[in-house]
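Structure record follows, encoded as structure tokens.
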Amino acid sequence: MKNYATKFKHIVPTFLFVVVASTFFVLLFRWVFTINSNILHIKEDIFDMWVPIIFPWIPITIWLTPKLKVLKINRKGSDAPLLFKFIAWATMTAMMIISNSYLKTATGSLAEINTIEEAFNPNASYLKINDFEIDRDYGSSHTEFRTSGKYGRKLNFDSYFVYPLKVESAENKFKYWYGVEMHEQISKSLEPEEKEEKYQVFFKQAIEDFKNYKFYEADYFEIVPHSIDRDGFINAIKRQENLSDIQPVIIRPKKGLYTNKNGHKLGWVFGSFAIGFSIFLFVLKFPVYSSKK
């Protein structure tokens, strides 16, 4: 505990600044340029995963690292900043992932319309449609194969199925689509023949599930934003129709109350901060304060 107050005053204010200001900056940037104005067409997957993983290292390197140089593991040991940088990074990453998810749902408005062709707020992220009908004559699908997990050890099948919604206007015949995604994950280490067999079983079942899907039991719909999922649905639509002259509106079903869409995300933002901050303060007890640094 020796020199703990000195270490606290020297490092903790910068830690708080880096964590809080960086998270706020990312949320403000996303809201201004992608949600509120749609100036930048950045896929939401970038904000949901890659920005939280990569961006924190910039403020950590610029502002926090110089402050951490006063710490030593022991009087004759090596520098200790790496552990504290990792704690700061983990805290910021968790906060950014959860807060970005919260921002997306909290700022998305719900538009209630009678038919899909009825004009609605262009900034609406969710729809409640009182009357619609899917056109089963033009169904289509597309499957993406992606790896995930540590060292890419998992292989994911993501099949995107679409039906157009029936409309009265001929020019809007293939503008509005109902999309459903089916997902399966297997080990990438399987033999090619076994992978193919598992995919065929998955896809056959996915087709049956889509045919029997309860399309009209959704409580409301999300307008699929710029994302990997939207690209998957677009590729499915392209197998059915040429999209050169139209920007499709793709909706996917949501269950439950619209008012509950945020869940406990906001609480988890503060919870992840509290956990990370507590760990940072606890670990700060152990390194030696280097007056020379």
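Read in order, the letters of the sequence shown are residues 1299 to 1591 in the working numbering. No residue lacks a Cβ here, since even glycine has one placed at the ideal position from N, Cα and C.
Is residue i helix, strand or coil by DSSP?
i, result
"K1365", "helix"
"E1469", "helix"
"A1417", "coil"
"H1339", "coil"
"F1353", "coil"
"N1398", "helix"
"T1405", "coil"
Strictly by DSSP, which residues pair up with residue i?
i, result
"G1574", "DSSP output for G1574 lists no bridge partner at all."
"V1586", "K1370"
"S1457", "T1441, M1480"
"P1462", "W1475"
"E1410", "K1426"
"I1432", "L1463"
"S1446", "K1452"
Within 10 Å of its beta-carbon, does residue i have 16 or more other beta-carbons around it, so buried, or fewer, so exposed?
i, result
"K1502", "exposed"
"T1557", "exposed"
"W1348", "exposed"
"P1420", "exposed"
"I1356", "exposed"
"F1571", "buried"
"K1448", "exposed"
"L1555", "exposed"
"P1364", "exposed"
"V1318", "exposed"
"H1562", "exposed"
"Y1518", "buried"
"A1392", "buried"
"R1451", "exposed"
"I1351", "exposed"
"T1389", "buried"
Output the residue ranges of the alpha helix (DSSP H) runs that lie fully inside the stretch 1482-1568 and measure 4 residues or longer, sorted by chain position. Runs of the alpha helix (DSSP H) inside the stretch 1482-1568: 1490-1509, 1526-1536.
Counting Cβ pairs closer than 8 Å, one from the stretch 1405-1421 and one from the stretch 1489-1506, do we hit at least three? Short answer: they don't touch.
Is there contact between the stretch 1388-1402 and the stretch 1336-1348, where contact requires at least three CB pairs shorter than 8 Å? Counting Cβ pairs under 8 Å, three or more are found: they touch.
Contact the stretch 1443-1463 vs the stretch 1529-1540: 3+ CB pairs below 8 Å: Touching, yes.
Check whether the stretch 1322-1340 and the stretch 1300-1310 are in contact - that is, three or more C-beta pairs closer than 8 Å. In short, these stretches do not touch, since the Cβ pair count stays below three.
Mind the definition here: the stretch 1485-1501 touches the stretch 1522-1529 only if three or more C-beta pairs lie below 8 Å; say whether that holds. With contact defined as three or more Cβ pairs closer than 8 Å, the stretch 1485-1501 and the stretch 1522-1529 are not in contact.
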